[in-house]
Amino acid sequence: MSPERRIAIVPAFNEERNIGRVVAELRAFDPSLDVVVVSDGSADRTAENARAAGALVLRLPFNLGIGGAVQTGFRYAWERGYDLAVRCDGDGQHVPSELPKVIEPVVAGQADIAVGSRFVAGEGYRSSASRRVGIRVLAAVVSAIARQRVTDTTSGFQALNRRALELFAADYPHDYPEVEGMVMTIKHRLRLVEVPVQMREREHGRSSITAVRSVYYMARVLTALFIGLFRRHVVPLEEA
Amino acid sequence: MIGAQTPLKVSIAATAASIVLVLVVFELVRSRRLRERYALLWLLTGFVLVALSAWRGGLNTIAGWLGVRGYPPAVLFAVGLLFVILVLLHYSTVISRLSDQNVILAQRLALLELELSSPDGERTPAADAAPEARGS
Numbered sequence: 002m003s004p005e006r007r008i009a010i011v012p013a014f015n016e017e018r019n020i021g022r023v024v025a026e027l028r029a030f031d032p033s034l035d036v037v038v039v040s041d042g043s044a045d046r047t048a049e050n051a052r053a054a055g056a057l058v059l060r061l062p063f064n065l066g067i068g069g070a071v072q073t074g075f076r077y078a079w080e081r082g083y084d085l086a087v088r089c090d091g092d093g094q095h096v097p098s099e100l101p102k103v104i105e106p107v108v109a110g111q112a113d114i115a116v117g118s119r120f121v122a123g124e125g126y127r128s129s130a131s132r133r134v135g136i137r138v139l140a141a142v143v144s145a146i147a148r149q150r151v152t153d154t155t156s157g158f159q160a161l162n163r164r165a166l167e168l169f170a171a172d173y174p175h176d177y178p179e180v181e182g183m184v185m186t187i188k189h190r191l192r193l194v195e196v197p198v199q200m201r202e203r204e205h206g207r208s209s210i211t212a213v214r215s216v217y218y219m220a221r222v223l224t225a226l227f228i229g230l231f232r233r234h235v236v237p238l239e240e241a
Numbered sequence: 079m080i081g082a083q084t085p086l087k088v089s090i091a092a093t094a095a096s097i098v099l100v101l102v103v104f105e106l107v108r109s110r111r112l113r114e115r116y117a118l119l120w121l122l123t124g125f126v127l128v129a130l131s132a133w134r135g136g137l138n139t140i141a142g143w144l145g146v147r148g149y150p151p152a153v154l155f156a157v158g159l160l161f162v163i164l165v166l167l168h169y170s171t172v173i174s175r176l177s178d179q180n181v182i183l184a185q186r187l188a189l190l191e192l193e194l195s196s197p198d199g200e201r202t203p204a205a206d207a208a209p210e211a212r213g214s
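Written out as structure tokens, the structure is:
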């Protein structure tokens, strides 16, 4: 499978303490893998540390939020003709040694997008009770809309082929993209599979979703999903 | 019954108008002319107005609490105005953020143009440092 070009897309916002190691681990795992770090308006040394570790760096001039940052990476990968892209977070919770599990179904042609799930195996990740409820609710809602069972709707550990890249390079949800992205994928009849993976706890810094925000988060995501149900054209590629 | 009552016709008209507001916002979001994050406040406005318009007993009670003796539907105006002010304030913050970002974009474009037009594409070392990181 080597003539195909692969790229890892790593969105990072103020991750100077983690990003160097994330990039180094990715490159050590597979030297043929290009690594592009999208520094989302970071105010610290995220971009410099990523570059020093050997990554290409796309430095956004201000914070776009996770959706805009990741889409920047998708656009880059699409325009540069990469055949396969993996997305992993810049905080170190996605372990490169788990990458083959995510890449495998896409390379084998069984899926257009493969999502690493913490929950398929029913184990491997601990979190607070309120967050678990939220995760369950979202999984149930997305499964119902998609008519396909999914368990981890917020996982940013994904592998995409060119069809999926084309879709997301043109249109990607802004605020909480993983959940809506899953629904979009399925509505566009791309094949999505979940694979069980292990994830690590964050090493430095804290997750962008705090307990206080999670209610607001749920309200917004559910509103977006609900309205999305009524869209005929899920993707209006940029209109004039 | 003590205190003034909301006339039925007023209630019906206000409810209809509020429902139209909700439907218009919904349609704008659905057709992607309004982003969901900017629609939430409008939807909240619409739902509150629908509730107050349709639930006459509630409107009368609230008017009583607020000391509005003569004409309970005045509370609808007050609530509507409050939400309009909130929406406007929200938009003011959004516009401020957009204009800050616009300045940054223009500056970055100017720097890039210079870089592209300089003979051997020499880079200023400062380009690696990121002084701007506002927004969101």
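Chains A and B, in that order, are what the protein sequence lines are.
Heads up: the first sequence begins at 2 in my numbering, then just goes up one per residue.
Heads up: the second sequence begins at 79 in my numbering, then just goes up one per residue.
Every residue gets a Cβ at the ideal spot worked out from N, C-alpha and C, and that includes glycine.
A quick note: this is a predicted structure, and the numbers were derived from the prediction, not measured.
- Neighbour flag for residue 67 of chain A against chain B, beta carbons, 8 Å: As a first step, residue 67 of chain A is located in the first sequence; it is residue number 66 there, counting from the start. No, residue 67 of chain A does not count as interfacial toward chain B.
- Query: In the structure shown, what three-state DSSP assignment does residue 13 of chain A receive?
  - Reply: As a first step, residue 13 of chain A is located in the first sequence; it is residue number 12 there, counting from the start. In the structure shown, residue 13 of chain A sits in a strand (DSSP, three-state: E or B).
- Query: By a C-beta neighbour count over all protein chains shown, 10 Å radius and 16 as the cutoff for buried, is residue 70 of chain A buried or exposed?
  - Reply: Within the first sequence, residue 70 of chain A is the residue found at index 69, counting from 1. By the 10 Å Cβ count, residue 70 of chain A comes out buried.
- Message: Tell me which residue opens and which closes the alpha helix (DSSP H) that residue 68 of chain A is part of.
- Response: Working through the first sequence from its first residue, we reach residue 68 of chain A at position 67. That run of the alpha helix (DSSP H) goes 67 to 80.
- Partners in chain B for residue 225 of chain A, counting only beta-carbon separations shorter than 7 Å: Reading the first sequence from its first residue, position 224 is the one you call residue 225 of chain A. Result: 114.
- Message: Can you pull the chain B neighbours of residue 221 of chain A, defined as C-beta to C-beta under 9 Å?
- Response: Working through the first sequence from its first residue, we reach residue 221 of chain A at position 220. Those are 114, 115 and 118, listed as they occur along chain B.
- Task: Would you be able to state if there are at least three C-beta pairs under 8 Å between the segment 76 to 94 of chain A and the segment 139 to 149 of chain A?
- Result: No, the segment 139 to 149 of chain A does not touch the segment 76 to 94 of chain A.
- Kindly list the residues whose CB is nearer than 6 Å to the CB of residue 56 of chain A, restricted to its own chain and excluding five residues on each side of it in sequence; keep chain order. Here residue 56 of chain A corresponds to residue number 55 of the first sequence, with the count starting at 1. Correct list, in chain order: 24, 36 and 38.
- Put residue 167 of chain B into one of helix, strand or coil per three-state DSSP. Sequence index remark: in the second sequence, residue 167 of chain B carries index 89 (1-based). If DSSP states are grouped into helix, strand and coil, residue 167 of chain B belongs with the helices.
- Task: Please decide whether residue 169 of chain A counts as near chain B, where near means a Cβ-Cβ distance under 8 Å.
- Result: For the purposes of this step, residue 169 of chain A is taken as residue 168 along the first sequence, with counting starting at 1. Between residue 169 of chain A and chain B, the shortest Cβ-Cβ separation is not below 8 Å.
- Delimiting residues of the beta strand (DSSP E) encompassing residue 86 of chain A: Your numbering for residue 86 of chain A matches position 85 in the first sequence. 85 to 88 is the extent of the beta strand (DSSP E) around residue 86 of chain A.
- Query: So, does the CB of residue 179 of chain B fall closer than 8 Å to a CB anywhere in chain A?
  - Reply: On the second sequence, position 101 is the one that residue 179 of chain B refers to. Flagged as an interface residue toward chain A: residue 179 of chain B, by a C-beta distance shorter than 8 Å.
- Can you list the residues of chain A that residue 107 of chain B reaches, using a CB-CB cut of under 8 Å? One-based indexing of the second sequence puts residue 107 of chain B at position 29. By Cβ distance, chain A contributes 228.
- Message: Let me confirm a value: residue 151 of chain B is counted as buried when at least 16 other C-beta atoms fall within 10 Å, else exposed. Which label applies?
- Response: Walking along the second sequence from the start, residue 151 of chain B turns up at place 73. Residue environment for residue 151 of chain B: buried (at least 16 other C-beta atoms within 10 angstroms of its C-beta).
- Does any heavy atom of the ligand MN sit closer than 7 Å to the C-beta of residue 62 of chain A? Within the structure as shown, the ligand MN is missing, as the structure has no ligands at all.
- Assign residue 8 of chain A to one of three DSSP states: helix, strand, or coil. Here residue 8 of chain A refers to the residue found at position 7 when the first sequence is read from its first residue. Residue 8 of chain A falls in the strand class under three-state DSSP.
- Message: Strictly below 9 Å CB to CB, what residues from chain A border residue 104 of chain B?
- Response: As a position in the second sequence, residue 104 of chain B is number 26, starting the count at 1. Result: 228 and 231.
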